[in-house]
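Structure record follows, encoded as structure tokens.
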DNA sequence: GCAACCTTGTAAGGTGCCTTGACTAGAAGG
DNA sequence: CCTTCTAGTCAAGGCACCTTACAAGGTTGC
């Protein structure tokens, strides 16, 4: 029960720092998004906009990438359908499945959101140093691809096989 | 309504990357914590352990630092009291207030948690480069101190006044 | 073709965490 | 004393997510 063998002074734990920084960044994004024509998009909806591309994606695949259950994603998709951002299209290859696709408005929102993220990142690059922010992105992408490839299949240039 | 003037290809938005990495890191922490003698500590309890120091902290102050309401913190503190990690001590300077203090067990848990975070961070330093991880920490601390000083008063070496 | 089994998506109910609103006890200032 | 402000609690509600259970459609072997 002694207070640890060494208790190395690591400062504030890294996950806490990451959360605080992510929260600040995301708040900047949200405050601009809410004043746009896409103000009815809530933070939860991000898991769909993040992963759905032009050719559509099945519910199960969204759930896997978002690390959530199919039911939760289904609920969120319902909401987005009601708001006119996505639609369910029958999968031509599997009559059970439906492809979640962005509507025209949905594509507009996704594009706007991405440009907004880029804008905020650029602002931070000017604030904290472009090379530092790009270095941060580089490191984070490498870590994300290694630690959670299912969550960011856009990255993950590594093939699983080849012993 | 055109899809953005430039739509610069920024890759995956930074907040998403930060969340994925933070999640992976935190999962590593949790899986070790759950197997320890402090397995009944849940993720939500972190907001208390993060901020309470030896001399105690009032509920209102915890809420401000955690960016949460007094009610939520109160509920979490209730739970931690029931589990024997903290106790409420009357504030000698204000009979309305109570100082939330760690019990002996609470201090043990906090110390163990901190050492666990340090351990995981060290592991990642070996995995991704010690200089890169320490550079990451440095940048995050700078950003956190600038963007959300209320959340990390341990940092924030800047005085607010002095025009 | 059909029987056993897997997968896709949905429905219903529950839990955890957090919020808004209303209140008591004590502090601060006239 | 009387007003006003602050510290903390109580109660009700909501949102996000999960677990359990199930119908419809594919898949494989015979």
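Protein chains in written order, with this note's numbering: chain A, 2 to 164; chain B, 2 to 164. Cβ coordinates follow ideal geometry from the N, Cα and C atoms, glycine included.
On the premise that residue j lies in contact with residue i, defined as a C-beta separation below 8 Å, what is that separation, rounded to the nearest angstrom?
| i | j | result |
| --- | --- | --- |
| residue 129 of chain B | residue 143 of chain A | 7 Å |
| residue 114 of chain A | residue 34 of chain A | 7 Å |
| residue 110 of chain A | residue 27 of chain A | Rounded, the Cβ-Cβ distance is 16 Å, inconsistent with contact. |
| residue 92 of chain A | residue 98 of chain A | 4 Å |
| residue 86 of chain A | residue 55 of chain A | Not quite, the Cβ-Cβ distance comes to about 14 Å (not below 8 Å), so this is no contact. |
Is the beta carbon of residue j closer than 8 Å to that of residue i?
| i | j | result |
| --- | --- | --- |
| residue 23 of chain B | residue 19 of chain A | yes |
| residue 77 of chain B | residue 49 of chain B | yes |
| residue 30 of chain A | residue 141 of chain A | no |
| residue 25 of chain A | residue 148 of chain B | yes |
| residue 58 of chain B | residue 52 of chain B | yes |
| residue 152 of chain B | residue 101 of chain A | no |
| residue 104 of chain B | residue 88 of chain B | yes |
| residue 81 of chain B | residue 137 of chain A | no |
| residue 15 of chain B | residue 122 of chain A | yes |
Is residue i close to chain B, meaning its C-beta is less than 8 Å from at least one C-beta of that chain?
| i | result |
| --- | --- |
| residue 63 of chain A | no |
| residue 159 of chain A | Summary for residue 159 of chain A: the model assigns pLDDT 48, below 50, so the residue's position carries little reliability; its value from the coordinates is reported in the next sentence. Answer no: the Cβ-Cβ gap between residue 159 of chain A and chain B never drops below 8 Å. |
| residue 122 of chain A | yes |
| residue 17 of chain A | yes |
| residue 90 of chain A | no |
| residue 129 of chain A | yes |
| residue 140 of chain A | yes |
| residue 137 of chain A | yes |
| residue 43 of chain A | no |
So, with DSSP's three-state summary, where would you put residue i?
| i | result |
| --- | --- |
| residue 31 of chain B | helix |
| residue 115 of chain A | helix |
| residue 90 of chain A | strand |
| residue 97 of chain B | coil |
| residue 80 of chain A | helix |
| residue 16 of chain B | helix |
| residue 153 of chain B | coil |
Is residue i close to chain A? Criterion is C-beta to C-beta, closer than 8 Å.
| i | result |
| --- | --- |
| residue 22 of chain B | yes |
| residue 151 of chain B | no |
| residue 2 of chain B | Any reading at residue 2 of chain B is ruled out, since the residue's pLDDT is 44, under 50, leaving its predicted position unreliable. |
| residue 145 of chain B | yes |
| residue 5 of chain B | Note that residue 5 of chain B scores a pLDDT of 39, beneath 50, so its modelled location is shaky and nothing firm can be said. |
| residue 13 of chain B | yes |
| residue 39 of chain B | no |
| residue 25 of chain B | yes |
In the DSSP assignment, what residue or residues form a beta bridge with residue i?
| i | result |
| --- | --- |
| residue 1 of chain B | Outside the modelled stretch of chain B, which goes from 2 to 164, sits residue 1 of chain B, for which no answer is possible. |
| residue 103 of chain A | A:87 |
| residue 58 of chain A | A:101 |
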